[in-house]
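Input: a single structure, listed below in structure tokens.
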Amino acid sequence: MISQDEIKKRIIELAPDDIDLIVVFGSQARGTDTEMSDLDIAIGASGLDRNERFDLRLRAISQFEGPQQDVDVVLMQDINWSLKYRIARDGKVLYDRTGNKWAYFV
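Following my numbering, the numbering of the sequence shown begins with 348 at its first residue and continues without gaps.
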């Protein structure tokens with residue numbers, strides 16, 4: 348499994364001026380991941396419009412997906428409250444530009 352520092356580095360390189368928040372959630376954040384687990388990543392990018400966020404999501408997926416790794420990437424601005432709750436409850440913040448991660452959950 349890829350390290351959390353490497354996850355952060357690769358995502359920030361995609362849009363260094365636009366990434367506000369990176370959170371790993373799901374089994375990797377809970378410490379229950381196995382070889383078969385996917386990688387779940389949430390990104391906050393408040394300065395991007397919908398099309399730019401979609402493009403960022405696709406580029407982030409391409410950074411990690413391969414024969415040994417499935418990845419799910421979501422943009423915080425585009426997800427429902429149920430998923431936001433799960434990310435807030437179980438997620439592990441890898442990067443928080445503003446120091447105010449909760450702004451993405453309300």
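The beta-carbon is built from N, C-alpha and C at its ideal position, and this holds for glycine as well.
Here Ala376 has Asp437, Gly438 and Lys439 as same chain residues with Cβ atoms under 6 Å from its own Cβ, once five neighbours each way along the sequence are excluded. If only uninterrupted alpha helix (DSSP H) runs of at least 4 residues are considered, those enclosed by the stretch 361–417 are 374–377 and 397–411.
Minimum Cα-Cα distance from Ile359 among the listed residues Gly413, Asp417 and Ala407 corresponds to Ala407. Under the criterion of beta carbons closer than 8 Å, Gln416 and Leu395 do not qualify as touching, at roughly 25 Å. By the CB criterion at 9 Å, Asp443 and Leu361 fall outside the cutoff. With a 10 Å radius around the Cβ and a threshold of 16 neighbouring Cβ atoms, Met383 comes out exposed.
Nearest neighbour of Phe372 by Cα position, chosen from Phe411, Val421 and Asn447, turns out to be Val421.
One thing to note: Arg400 has its Cβ no nearer than 9 Å to the Cβ of Asp380.
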